[in-house]
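**Student:**
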Amino acid sequence: MLWETLERVNRLRQQAMSDSEFIQSAKEHQKALEAQAYCYQSVLRKKPQSKSEKTLADIYDQAEFGTNPTGTQH
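Numbered per numbering that gives the first Met the number 0, the sequence shown spans residues 0 to 73.
(1) May I have the straight-line CA-CA distance separating Glu27 from Glu33, to the nearest angstrom?
(2) State the start and end residues of the unbroken alpha helix (DSSP H) segment that holds Asn9.
(3) State the DSSP-derived secondary structure class of Tyr37, mapped to helix, strand or coil.
Spelled out as structure tokens, the structure:
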């Protein structure tokens, strides 16, 4: 069943590749996709990189946590 499907798809692909109208349509489609991709590239800009990544120690450096009732340290 899979083999027949592959053969059928291959025959249809070969027919399409021999059709000049299909080739022309494919080229137009490719140009349209390239133009669209170019437009999206100009719209999407990279985010500015931050100065440096902060570590958790830097983030919580000034935070005051409650006292440890057990007195144990991790």
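Ideal placement from N, C-alpha and C gives every residue a C-beta, glycine not left out.
No experiment lies behind these values; they were computed from the predicted model shown.
**Tutor:** The structure says:
(1) Locating residue 27 in the sequence shown gives position 28, where the first residue counts as 1. Locating residue 33 in the sequence shown gives position 34, where the first residue counts as 1. Rounded to whole angstroms, Glu27 to Glu33 spans 10 Å at the Cα level.
(2) In the sequence shown, residue 9 corresponds to position 10, counting from 1. Where Asn9 is concerned, the enclosing alpha helix (DSSP H) stretches over 1 to 17.
(3) In the sequence shown, counting from the first residue as 1, residue 37 sits at position 38. Residue state, collapsed to three classes: helix.
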